[in-house]
Structures are given as structure tokens and as C-alpha cells.
Amino acid sequence: MIQEQISQYTEEINAFATSDAEQLEQFRIKFLGTKGIIKDIFDQFKAVSPEEKRTLGKVLNSFKQLAEEKYNTLKETLEAHAGPGAAAQIDLTLPGEGYEIGSRHPLALVRREIIAIFTKLGFSVAEGPEIEDDWHNFSALNFPEEHPARDMQDTFFIRKGGENGDIALRTHTSSVQVRMMEAGQPPFRALMPGRVYRNEAISARAHCFFHQIEGLYVDENVSFADLKQTLFYFVQELYGEGTKVRFRPSYFPFTEPSAEMDISCSICKGDGCQMCKQSGWVEILGCGMVDPNVLENCGIDSKKYSGFAFGMGIERIANLKFEIKDLRLFSENDVRFLKQYQSVLS
Ligand SMILES: [Zn+2]
């Protein structure tokens, strides 16, 4: 009786094939389920005589094995063919994932705006190397031998001494002015934007590198009045009409006379706030008439030509525009910070 059942079901199992998960599940329930055929036969097996059990036991076990193997093989094949989403149709009406575009760095936005303003006055843009020799960074610019800026504490030296003197990371973009004047004759009217390096501890207010924009105008009969009017125009364009300016006498090795320029605080409009330390004024740049020594160092006749120069930190201008309290934010590349300024300037 049991023998007959087994041979009948063996044929059925051998013949069984499907690629349908539902049919395979029906197969499992029919043969291997808790109320399935195999359970039923094992129950019948308990009643047979001990002599029969010996031979029948082996047959029954291999029958059970056959059903399990059939089920496992078909299940594996089915799973291999059904990759992720294989069952689900591709829905072409779903919205696409889209790509997020980047934004311009706030310093790049400010630099572009500054350049755009001076471009209207006929200034072009000049660039130079960030690794400079002593001549272009210091000597040609009238820095005396003992000037503190040459000290190890302020300058990153790459090499001390040697055939062409010290080699250092430039401490200002004035070196580009020297290179420009050495390469030709006036008139010169150019902006020099670029990264500069100072050996300072990094904090909210100081960094070992920052960005400058300098300007140089050299021609016949250039006067301090030209300098003042140029910079006055610049701040009206950058911070809006009605922005006041004032010049304070100062000293730089490469200009004579020299001045620092303040503007009425762009945050509080002169009423006094944290940014201007309640004074209503903030310093934004240094400037002056190019020292005749610098002109002569660069092969330009200082009796015939005169010029003015100015320089500002781009971070400083950006701070006054965006009220960014911590300089380190500019170089940390946190997209949450950088994305805020995408639409402020264009
Ligand atoms: Zn203020």
C-alpha cells in the first residue's frame, strides 16, 4: 500500500516543473506541509510490522529527500531569475531623480563682483605665481632688509638663501604688480586677485591663507585725487549709493603717501553695531601712491610716471556683505554654508 503510493508520487515529483512561485508553494504544501502527503505516509508507516519497517524505512526516507530536493532546486532557480524589481514592471511615469547643481563659493561671488565694478573703469585682470622669490615679494616693493614681514613668523619660506635669495609663498599679491611693471611700460591699469599666505595660527579671525585683490594704475599725471575718486566709485557700486568713505594716513613700504580707507558700516549704516565695534566705520582697504623707488625698481621712469595702488582682503569684503563671523567657514567646504550665498549675488 505504502509502496504503491510512494512510486506513484515519485513519478509525480519527478515530472513536476514550474517557474511560478505560487505553483511551487502549492507543491510544498501538498508534499512537505504539516498536513501533506509525506506526513501522511509517515503516519501510516507507524502501523507496519517491524520486518517491513526495515526495508520500507529506507524507501520512505529517500522519497522524502526527493521531494525536498525538488522543492529546493526549483526555489533556487526561481529566486535567481527574480532579481530586484523583476516582478514589478518599470514605471516610466515616475519622476526622475534629478541632479543637484553646485553653487559658487561666496568668495568667488565677491571676487566676481569686485572685478565687474573695476572692469567698468577699464581695469583688466592679471595673475602671477603663488611661490615667489624675495625680489618680487619684498625687495622690489621697497621692503627694508629688517622689515618684520620678512621674519619667519610671518612668511612661509620654502628655501632660505640660495642663488636668487629666499623663496617663499607670496604674502600679498603685490608681487604680481612688480611682474607686470617689469614686463612693460605704462599705462598699467589692472586688478590682481589671488590667494596669499601668512604664517598665522588659524582662528575665527585669522587664517594661514586668504584672498586679496589689489589694483594698480600707473600713467602720466596720476594723482591722489584719481585714487580717491576710483575707490569712492567702487564702494558706491559695491555697498550702495550714500556709502561714506574716509581716509586715514598710514604706512606701507611700497606706497608714499599711504592711507587706509574706512567706509560707513554697511550693516548698521553708521549707527553702531558689533561689526563696526560701535564706531559706525569699518576699514576695508589699504592704498597709496606707488613709491617712486618701486617704479624705478621695475624699470619705470618715476619722473615721468606716477601711479596708485590699493589692496583689500576678499574675506573682509565678504564678511561685511554677509556678516560671516568665522573665517574658517570659507575653507571648510560645508555645503550647508556654501549654498546659502548662491542667490545673494549673481
Ligand atoms: Zn556697524
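Counted the way the working numbering counts, the sequence shown spans residues 1146 to 1491.
Beta carbons: idealized from backbone N, C-alpha and C, even for Gly.
What you are looking at is a predicted structure, and each value in this text was computed from that prediction instead of being measured.
Scanning the region 1342-1390 from its first residue to its last, the whole alpha helix (DSSP H) runs of 4-plus residues come out as 1369-1384. According to the DSSP assignment, residue 1195 belongs to the alpha helix (DSSP H) that extends over 1195-1226.
Excluding five sequence positions before and after residue 1189, the CB atoms of its chain that fall closer than 7 Å to its own CB belong to 1147, given in chain order. Between residue 1401 and the set 1315, 1440, 1186, the nearest pair of CA atoms involves 1440. A Cβ-Cβ contact shorter than 8 Å links residue 1336 with residue 1360.
Taking a 10 Å sphere around the C-beta of residue 1305, we find fewer than 16 other C-beta atoms and assign the residue as exposed. A distance criterion of 7 Å places the beta-carbon of residue 1425 in contact range of ligand 1, judged by its closest non-hydrogen atom.
Comparing C-alpha distances from residue 1208 to each of 1452, 1225, 1158 shows the shortest one belongs to 1158. Taken from the Cβ of residue 1417, at least one heavy atom of ligand 1 lies inside 7 Å. Within the same chain, and ignoring the five residues on either side of residue 1437 in sequence, the residues whose Cβ sits closer than 6 Å to its Cβ are 1447. In the three-state reduction of the DSSP assignment, residue 1239 falls in the coil class, being assigned neither a helical nor a strand state. Taking the Cβ of residue 1412 as the reference point, at least one heavy atom of ligand 1 falls within a distance shorter than 7 Å.
Assignment of alpha helix (DSSP H) within the region 1397-1466, counting only whole runs of 4 or more residues, yields 1437-1442 in chain order. Short note on residue 1443: C-beta not closer than 7 Å to any heavy atom of ligand 1. For residue 1335, DSSP records a beta bridge to 1269, 1361. Each residue's CA atom was taken as its position, placing residue 1277 and residue 1242 some 48 Å apart.
Secondary structure of residue 1278 (DSSP, three-state): strand. Between ligand 1 and residue 1421, a heavy atom-to-CB distance of less than 7 Å is present.
Apart from the 5 residues on each side of it in sequence, residue 1323 sits with its Cβ closer than 7 Å to the Cβ of 1281, 1285, 1286, 1443 in its chain, given in chain order. For residue 1256, the CB contacts under 8 Å within the same chain, skipping 5 residues up- and downstream, are 1338, 1356, 1358, 1459 in chain order.
By the neighbour-count criterion, in which a residue is buried when 16 or more other Cβ atoms sit within 10 angstroms of its Cβ, residue 1315 is buried.
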